[in-house]
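Trainee: Attaching a single structure in structure tokens format; questions to follow.
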Amino acid sequence: MHTTLSSVLTQEQVDQYHELGYCVAQDLFAAEEIDEIEVFFDNYWSHGGALGEGHRGLSDLDKTKVQVRAMHPHRFHPRAAEWLMHPRVCDALEVLLGNPPLGAQTMYYYKPPGAKGQGMHQDNFYLLARPATCIAAWTAIDAADNDNGCLWVVPGSHKGDILCPESKTERWMNYGDSHISKFPRETKPVCVTVPRGGTVFFGGNLIHGSGPNRTADRYRRTFIGHYVDAASEELSQFYHPVLNRQLEEVTTVGKAAKGGPCGDDWQGAVH
203 MHTTLSSVLT QEQVDQYHEL GYCVAQDLFA AEEIDEIEVF FDNYWSHGGA
253 LGEGHRGLSD LDKTKVQVRA MHPHRFHPRA AEWLMHPRVC DALEVLLGNP
303 PLGAQTMYYY KPPGAKGQGM HQDNFYLLAR PATCIAAWTA IDAADNDNGC
353 LWVVPGSHKG DILCPESKTE RWMNYGDSHI SKFPRETKPV CVTVPRGGTV
403 FFGGNLIHGS GPNRTADRYR RTFIGHYVDA ASEELSQFYH PVLNRQLEEV
453 TTVGKAAKGG PCGDDWQGAV H
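Rendered as structure tokens:
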């Protein structure tokens with residue numbers, strides 16, 4: 203079925219995405235679904251981050267540390283896969299991509315009070331999607347603003363190429379520090395404020411990061427999905443398998459054999 207603009211996104215939102223590299227949509231998830239996601243990951247936390255056998259769980263079980271997140275929960279629980287490929291999110295993605303979306307990654311950030319921000323980066327440096335780039339759907343479980351660590355983006359930077367780190371060490375400066383050490387002079391990051399339940403869509407070449415949570419009592423929890431379009435030919439090995447709307451594994455997207463503009467020794471990474 204052809205997805206119409208009026209069902210999920212306005213023409214203004216679509217135009218902003220293509221012009222600035224991002225847009226914000228409201229109420230793609232019902233309020234009850236946002237509540238369910240919150241409870242699900244709170245329970246996940248209380249069980250030590252175990253969704254299933256072989257799951258790495260949280261990158262750090264101490265809430266007071268730099269970044270606390272659940273990685274790839276969709277691979278280990280069917281409900282998380284359903285949120286990744288939520289019908290209204292997929293409808294919006296299809297409008298923005300021009301092709302059906304394929305789900306590649308899920309993350310859930312807890313970002314407790316005192317947590318550091320995430321360094322400025324571009325998602326497709328890690329995902330290596332080709333020939334087009336990837337896209338993210340960043341859904342706020344808590345309202346996000348400058349105080350609790352909003353998403354910061356550099357509008358228009360999606361029109362540029364992937365900016366490579368100046369050294370191999372910088373490739374891993376994902377938290378607090380940026381792997382992008384030099385920005386064009388005309389760029390200026392902006393804070394994207396999002397209410398609970400709002401979803402930010404942004405392209406894989408968009409320079410973005412997040413600020414620290416300076417509050418004493420507010421979390422900044424987010425559920426994030428990364429996607430490629432169905433015409434993609436390659437994707438980093440760390441993001442396979444990919445799923446279609448029916449939650450079926452798709453085998454038409456190959457594993458990226460070369461690292462692209464940042465060197466063939468670079469094979470992407472989970473970020």
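For the sequence shown, the residue numbers in our numbering are 203 to 473.
We put the CB at the ideal spot given by N, CA and C, even for glycine.
Remember, it's a predicted structure, so these values are computed and weren't measured experimentally.
So, helix, strand or coil for V472, using DSSP?
Mentor: DSSP places V472 in coil when its eight states are reduced to three.
Trainee: D349: which of A418, D244 and H279 sits nearest, CA to CA?
Mentor: It is A418.
Trainee: Would you report the Cα separation of C352 and S412, rounded to the nearest angstrom?
Mentor: In a straight line, the C-alpha of C352 is about 6 Å away from that of S412.
Trainee: Given a threshold of 16 other Cβ atoms within 10 Å of its Cβ, counted over all protein chains shown, does N245 qualify as buried or as exposed?
Mentor: Exposed, because fewer than 16 other Cβ atoms sit within 10 Å of the Cβ of N245.
Trainee: Over what stretch of residues does the alpha helix (DSSP H) that includes Q218 continue unbroken?
Mentor: Taken as a continuous stretch (DSSP letters only), the alpha helix (DSSP H) holding Q218 covers Q213 to L222.
Trainee: Out of Q213, L304, Q228 and F278, which one is the CA nearest neighbour of A433?
Mentor: Comparing Cα positions, the closest option is L304.
Trainee: Cβ atoms of Q439 and Q469: under 8 Å apart, would you say?
Mentor: Cβ distance < 8 Å, so Q469 and Q439 count as in contact.
Trainee: Can you give the Cα-Cα distance for A272 and N446, rounded to whole angstroms?
Mentor: Straight-line Cα distance between these residues: approximately 22 Å.
Trainee: Start and end of the alpha helix (DSSP H) containing R281?
Mentor: Start and end: P280 to L286.
Trainee: Compare the Cα-Cα distances from F242 to each of Y312, D363, D217 and I337 and report the closest residue.
Mentor: Closest by alpha carbon: Y312.
Trainee: Thinking C-beta only, is V297 closer than 8 Å to V210?
Mentor: Cβ distance < 8 Å, so V210 and V297 count as in contact.
Trainee: Are at least three pairs of beta-carbons, each pair with one atom in the region 392–411 and one in the region 321–341, less than 8 Å apart?
Mentor: Enough Cβ pairs lie closer than 8 Å, so yes.
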